[in-house]
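Below you'll find the structure, written out as structure tokens, and then a few comments.
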């Protein structure tokens with residue numbers, strides 16, 4: 146079976162009640178490809194707002210989740226609380242959290258395991274900086290980030306979507322060329338085949354993130370190992386629908 150195309154919209158720390166309602170209204174009325182799985186991720190304050198107003202068929206993701214159960218962890222959100230609110234996905238390992246908040250590969254792996262154990266799907270982000278790419282360390286970095294999850298004991302990757310996001314292309318307007326993106330996606334899939342098994346490699350969706358827009362999405366979507374997109378700024382605009390329909 147072909148892998149279902151997956152498009153996530155990461156609003157990051159953007160939006161108000163009014164603007165998020167406008168985005169949701171547009172998505173609810175838009176003609177979105179039935180063959181694409183769509184997930185949006187507003188700031189945590191607006192998760193319930195999004196879930197209450199979105200039509201069925203579009204899911205909601207948190208931008209983070211903690212690796213411990215409910216308790217004395219000020220400022221965090223637990224997997225159980227997301228489940229209770231019908232939030233079905235979490236974005237974990239985004240470079241902005243790895244860099245700004247110094248989240249280690251091991252910490253991201255623990256949160257991934259906690260989310261999966263609690264029944265939440267994970268968009269697992271990985272990617273290299275410009276310096277690392279120029280030093281030919283792209284795959285060393287990306288595979289270390291993914292290996293940490295495997296080493297944490299995650300056996301079932303069926304609820305993981307891997308998002309390759311070169312840090313140098315996030316919010317910069319720079320986009321990895323089709324060849325650059327496909328090369329990394331293919332290498333990730335080959336690693337999965339060796340370390341996790343052929344079935345996992347074949348079924349796991351690997352999506353691209355990094356200044357994706359309605360202008361470049363169709364060409365990127367044509368690559369054999371690119372199964373969708375994690376979209377930043379463009380997910381706040383009407384053109385997000387064009388990206389959702391990139392494979393249609």
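Numbering (the numbering used here), first residue to last: 146 to 393. By construction, the Cβ of each residue, glycine as well, lies at the ideal position given by its N, Cα and C atoms.
Say whether the region 253–266 touches the region 302–310, bearing in mind that this needs 3 or more beta-carbon pairs closer than 8 Å, one atom from each stretch.
yes
Simplified DSSP state of residue 287, which is helix, strand or coil:
helix
By Cβ distance, which residues of its chain are closer than 6 Å to residue 260, with the 5 residues on each side in sequence left out?
210, 224, 235 and 267
Taking just the CA atoms, how far does residue 199 sit from residue 280?
If you take the alpha carbons of residue 280 and residue 199, they lie about 44 Å apart.
Less than 6 Å between C-beta atoms, sequence neighbours within five positions excluded: which residues of the same chain meet that for residue 178?
390 and 393
Tell me whether the beta-carbon of residue 185 lies closer than 8 Å to the beta-carbon of residue 156.
The answer is yes: Cβ separation under 8 Å.
Cβ pair residue 287, residue 333 closer than 8 Å
Pairing residue 287 with residue 333 gives a Cβ-Cβ distance under 8 Å.
Residue range of the beta strand (DSSP E) that residue 244 falls in?
Element bounds for residue 244: not the beta strand (DSSP E) but the alpha helix (DSSP H), 240–245.
Between 292, 231 and 377, which lies nearest to residue 257 when the distance is taken from Cα to Cα?
292
Using a Cβ-Cβ cutoff of less than 8 Å, which residues in the same chain neighbour residue 222 once the five nearest sequence positions on both sides are dropped?
Result list for residue 222: 189, 207, 209, 210 and 211, in chain order.
Which residues mark the beginning and the end of the alpha helix (DSSP H) in which residue 270 is found?
Looking at the DSSP string, residue 270 is not in any alpha helix (DSSP H); the run it does join, the beta strand (DSSP E), is 266–271.
Rounded to whole angstroms, what's the CA-CA distance from residue 269 to residue 357? Just pull it up for me.
About 17 Å.
Whole angstroms is fine: what's the gap from residue 428's alpha carbon to residue 271's?
The question about residue 428 has no answer here: the residues shown for the chain are numbered 146 through 393.
Ends of the alpha helix (DSSP H) at residue 224?
224–229
List the endpoints of the continuous alpha helix (DSSP H) containing residue 183.
Going by DSSP, residue 183 is part of no alpha helix (DSSP H) but of the beta strand (DSSP E) stretching over 181–186.
Residue 336: which of 243, 372, 289 and 377 sits nearest, CA to CA?
289
Say whether the region 162–177 touches the region 363–377, bearing in mind that this needs 3 or more beta-carbon pairs closer than 8 Å, one atom from each stretch.
no
Buried versus exposed, by CB contacts within 10 Å (16 or more), residue 173
Residue 173 comes out exposed.
Under 8 Å, do residue 220 and residue 315 count as touching if we go by C-beta distance?
no
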